[in-house]
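Following the numbering used here, the numbering of the sequence shown begins with 81 at its first residue and continues without gaps.
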Amino acid sequence: MKQLEHNIGHVPVFFKELADTDPLMHEAVLKLDNYIWSDGSLTRKQKKLIAIGIAAAMRDDHALRAQLNGARMVGVTLDEVEEALRVSYMLAGMPSYVHGKYVAKSVFNE
């Protein structure tokens, strides 16, 4: 669980329960999660900014907060988040930008 928390910033309750209810699925998701968030051509920091833009575009408050918290842990700044949200705005519109900014300020000011 510690690795998952490191990867995404917050482990959802349903995923913690999955370890007991469906251990094979839990293990498969952990393996994929570690593969996706590992540094490769993109750094974990860059991947976090992509994830923030996607979560904002989807207006998924839970995912956005989790990704923002994880981003803070890898050194993403509020200015970098702002730039990622501008890209989200260009592709997903003003609501994604406004929602992202609101949640980002909340998370970075905690």
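By construction, the Cβ of each residue, glycine as well, lies at the ideal position given by its N, Cα and C atoms.
- Val156 sits in coil when the DSSP states are folded into three classes, being neither helix nor strand.
- Under the DSSP assignment, Gly173 falls outside any alpha helix (DSSP H); it carries neither an H nor an E label.
- Gly133 and Thr123 have their C-alpha atoms spaced approximately 16 Å apart.
- With contacts defined as CB atoms closer than 9 Å, Val187 and Leu148 qualify as a contacting pair.
- With respect to Leu144, Val183 sits close: the two C-beta atoms are nearer than 9 Å.
- Along the region 88-150, the alpha helix (DSSP H) occurs as fully enclosed runs of 4 or more residues at 93-101, 103-117, 124-138, listed in sequence order.
- No Cβ-Cβ contact shorter than 9 Å links Leu112 with Glu160.
- Comparing alpha-carbon positions, the option among Ala131, Phe94, Lys185 lying closest to Trp117 turns out to be Ala131.
- Each of Glu107, Leu171, Asp119, Leu110 was checked against the Cα of Ala137, and the nearest Cα belongs to Leu171.
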